[in-house]
Amino acid sequence: MNRVILPLRSWLVLSHLTVLLLPLAALLGTGALAKDLLMQTKGDLMNQAALIGLMVEHELLDERALAPRATVADVGGRLSLLARKSRESTLAGVRILDTEGVVVATSGDQLGEDLSDLPEVQEALAGASGTMVRPRDPPSQRQPLSSPSRRARVRLFLTWPVYVDGEFAAVVLLSRTPREELQALYHMAPRLGGGLLSAVLITLGLGLWSANLFSRSLKKLSRGARLIARGSRGAVHTLDQVRHSHVREVGEVADAVTTMTRTLQSRLSYISEFAGNVSHEFKTPLSTLRGTVELLREDDSMPAEQQAIFLDNANDELDRLERMVTGLLQLARAEEGSRHTRMELDALVDRLCARYPELRRSGQAGAVNGDAAQLDTVLVNLVENAFQHGGEGVSVQVVGWVEGGWTGVDIVDDGPGISAGNLPRVFDRFFTTDRQGGGTGLGLALVRAVCVAHGGEVELESAPGRTRFRVRLPMAGGASLATLSGEM
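In terms of the numbering used here, the sequence shown has 461 at position 453, counting the first letter as 1, and numbering is strictly consecutive.
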């Protein structure tokens, strides 16, 4: 089945026109207009029947002034003339019946016909007016809408009893075809034409205006998506314009796409930076290994002691590569997030103090939602960093704390501190001041990644004689959405 594919402008204009035409369709489709036209015809016939009844009464009274026992049949000739004139002006068929239901005057040629078996005539003979709707044979030629002839496929019959001096004297039988719906609309057109034309023009205008409003925002959104696909940096600027669209849903989509774009760009920048860092850091040990292999291959006469030195250097570089790979894997796992469970930070501090008896401990921390293994790595890395860079005799203190909805652990040492030039780079990947000692520069980067993945952060204050790393995490029960993301 072929789908109909149209521009948004066409769909909106069509929908507006459809809404405009729905009332007309309801009138025609439900038969409400046809029923109303039938009731109008019935009202007209009742008024006409009452008037003709008065004329019949007047003619019969005049006749009885000359012949007291006169009946309606005695004035049939004059009534037939009256009936024909009435039909010429109203197009309604007129028949006058006597008290037995026999036609005594007519606008047609049914004189003398017995109609007493018709239900509506029986009602009139019983003293009440009656109506009946009967199917009508369609005309051999379809009449134009402007024709005075009625085009409906039914005909309405109405009877009206006539009383003279309180005595039932005759029955007036009228018949008329109601107007057809389209014929009625045609005759109303001159009065409704201006209003309908205005409604159509307003509807088209609203449809085109709303279509332009929608399509303009959607085109910008589409253009922004294409720019994203091409990797263009201008995509965010284009999407920012759409975010202020008058159409709320379009703005929400633009917000979502903008957030996605910024996330993708951030990840791409991260990957690019990460690849550059890895390439740079791996280049030195790989170059050392390549040089060692080439020397050993080319110099068969190298003394064993010299070979041992080169092999030890190569082994050190391999150890460094292994540490970097391990650190990178830990960093990747931390940035991906993990399943978080409720845990007490003090339990981790207990294990930390058991591992490093020289630590001094104070304060208490609260409960958090987190990964115990990752948070344990954070504390171990910070303590190792303090001992490694604090120098001989350094004193390291572990302080637990709770503030509002946050809790955490401070690692404080009394070492020489971190220089002002190195402070902004401490948490960068592969930054280290102890490369000769085997440092990979990934430990503190891992600390920051784990804290961020847990909805928190790590803070650093350093001055000569005092350096403090503060691990800040949301407490369990008041955790932020970022903390709970690992559980979804």
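In this text, a Cβ means the ideal position worked out from N, Cα and C, and glycines have one as well.
When DSSP reads this structure, residue 350 sits in a beta bridge with 377. Excluding the 5 residues flanking it on each side, residue 295 has no same chain C-beta neighbour closer than 6 Å. Within the segment 83-164, the runs of alpha helix (DSSP H) that reach at least 4 residues and sit entirely inside it are, in chain order, 84-98 and 127-133. Proximity to residue 71 across 59, 58, 85 and 60 peaks at 85, based on C-alpha coordinates.
According to DSSP, residue 169 shares a beta bridge with 179.
Taking C-beta separations shorter than 6 Å and ignoring five residues to either side along the sequence, the partners of residue 456 in its chain run 435 and 466, following chain order. In its chain, beyond the 5 residues on either side, 394, 395, 421, 422 and 423 have a beta carbon closer than 8 Å to the beta carbon of residue 402. Residue pairing by DSSP places residue 415 opposite 410 and 481 in a beta bridge. Less than 7 Å separates the beta-carbon of residue 170 from that of residue 61.
For residue 434, no alpha helix (DSSP H) segment is defined, and its DSSP state is neither H nor E. Annotated three-state conformation of residue 384 is helix, per DSSP.
Boundaries cannot be given for residue 366, as no alpha helix (DSSP H) includes it and DSSP labels it neither H nor E.
Using a 10 angstroms sphere on the CB of residue 391, the tally of other CB atoms reaches 16 or more, which defines it as buried. The distance from the Cβ of residue 384 to that of residue 476 is about 20 Å, inconsistent with a contact at the 8 Å cut-off. Collapsing the DSSP output to three states places residue 61 in a helix.
Residue 101 is positioned such that its CB atom lies no closer than 7 Å to that of residue 206. Between the segment 369-384 and the segment 350-357, the count of Cβ pairs shorter than 8 Å is three or higher; the stretches touch. Considering only 357, 297, 73 and 226, the residue with the shortest C-alpha distance to residue 262 is 226.
In the three-state reduction of the DSSP assignment, residue 370 falls in the strand class. In the DSSP annotation of this structure, the continuous segment of the beta strand (DSSP E) that includes residue 471 starts and ends at 465-471. Remark: three or more beta-carbon pairs, one from each stretch, lie closer than 8 Å, so the segment 72-81 and the segment 94-113 are flagged as touching. Taking 7 Å as the cut-off, the Cβ atoms of residue 404 and residue 367 count as close. Inter-segment contact for the segment 18-31 and the segment 52-61 is absent: fewer than three beta-carbon pairs are separated by less than 8 Å. Looking only at 412, 440, 160 and 223, the smallest Cα-Cα distance to residue 142 is reached by 160. Leaving aside the five residues that flank residue 46 on each side, the residues in its chain whose CB is nearer than 6 Å to its CB run, in chain order, 186. Spanning the alpha carbons of residue 374 and residue 431 requires a straight line of approximately 29 Å.
Non-local C-beta neighbours of residue 49 in its own chain, meaning closer than 7 Å and more than five positions away in sequence, comprise 164, 184 and 186, ordered along the chain.
A residue is called buried when at least 16 other Cβ atoms come within 10 angstroms of its Cβ; residue 168 meets this threshold and is buried.
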